[in-house]
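What follows is one structure encoded as C-alpha cells, with my remarks underneath.
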Amino acid sequence: IYGSRGANGVVMITTKGGRKKEQTTVDVDFGYTTQMVTKKMPLMNAGQYAELYNEQAKNDGLAPYFTQGQVDSLYASPGTDWQDLVLRNAPMYTASATVNGGTEKTKFSISGSLFSQDGIVRNSDYKRYNIRANVEHDISKVFSVNYNAILTRLNSSRKTGEPGNRGNDLISAMLMSPP
C-alpha cells in the first residue's frame, strides 16, 4: 500500500492474478536470443610481443629475451588469440507458463519460469528458476484467506572481472597472456 500525506487516497499495486468467476486460462511464452562480442580488443601477434619484450630489455639495459631468429619464427606462426579461446557466442533462453482462474469464492494464479543464459565468457553460465502461487479464498463476507508464495533458485558460474594485478583475473589474463 502506497500513499502520501494530503493525497486524499491510497494507491494499491497488485500483481497479475486470477479473477473470480473466470474460466481457467493457460499462458505459455518462450524466447531465444544470442549474445556475442561485438568488438574484440586488438592485440599483438607473437612476433610483435617478442619485439616488445626485447625493446623492454634494451630499455632496462638487459640482454634481449629473444634472438632475431626466434622473433622471425614467431612471426611465421599464427600464435594464440586468447579472446577466441575464452569468449564465445552464447544463447539465452526464457520460458514461462501461467495458469489463472477462479470460482465464486476462490481466485488463483500459479506460474513458473526459467531464464537460462550461457555467458559469453566460457563457463560463466546463469540459470534462474521461479515458481509463484497466489490463491485467495473467501470464507465468508467478512473473512478471506490469502496464500502468496514465491520460490526462486539461482545457479551461477561467475568468472571474475574485477580489476586486480596483471593476470590476476580471467579477463586480464586473456588480454595480457603471451600470444
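Mapped onto this note's numbering, the consecutive letters of the sequence shown carry residue numbers 9 to 187. The C-beta atom is built at its ideal place from N, Cα and C for all residues, glycine as well.
Could you work out which residue in the options is closest to residue i when comparing CA atoms only?
i    : options                : result
S152 : L51, N108, T114, R96   : T114
N108 : L159, D133, R130, N142 : N142
G87  : N53, A103, L95, A65    : N53
S132 : S121, L122, L95        : L95
Measure the alpha-carbon distance for residue i versus residue j and round it to whole angstroms.
i    : j    : result
E59  : S164 : 41 Å
F116 : G127 : 36 Å
S85  : Q78  : 11 Å
M49  : N138 : 37 Å
V34  : Q43  : 30 Å
T75  : N97  : 39 Å
G55  : K47  : 23 Å
E63  : L70  : 10 Å
V36  : W90  : 41 Å
D146 : V129 : 51 Å
A157 : E144 : 12 Å
V150 : V45  : 59 Å
Determine the DSSP secondary structure at residue i, reduced to helix, strand or coil.
i    : result
Q43  : strand
D6   : The structure shown does not extend to residue 6, since the chain spans only 9 to 187, so no value can be given for it.
E144 : strand
K135 : strand
P99  : strand
S104 : strand
S165 : coil
D37  : strand
L159 : strand
G87  : coil
Can you tell me where the alpha helix (DSSP H) holding residue i begins and where it ends?
i    : result
N62  : 54-67
N81  : Here the sequence assigns Ser to residue 81, which means Asn is not the residue at that position. That run of the alpha helix (DSSP H) goes 76-84.
V150 : Counting along the chain, V150 falls outside any alpha helix (DSSP H), and DSSP gives it neither H nor E.
Ignore the nearest five residues each way along the sequence and tell me which others in residue i's own chain have a CB closer than 8 Å to its CB.
i    : result
K29  : G110, T111, E112
S148 : none
Excluding the five sequence neighbours on either side, which residues of its own chain have a C-beta within less than 6 Å of the C-beta of residue i, listed in chain order?
i    : result
K135 : S124, N163
S119 : T106, R140
Y40  : Y101
L122 : A103, Y137
L159 : I139
P99  : T42, D126
Would you give the residue range spanned by the beta strand (DSSP E) that residue i belongs to?
i    : result
S119 : 114-125
Residues in the same chain with beta-carbon distance under 7 Å from residue i, minus the five sequence neighbours each way, listed in chain order, please.
i   : result
L82 : A54, G55, A58
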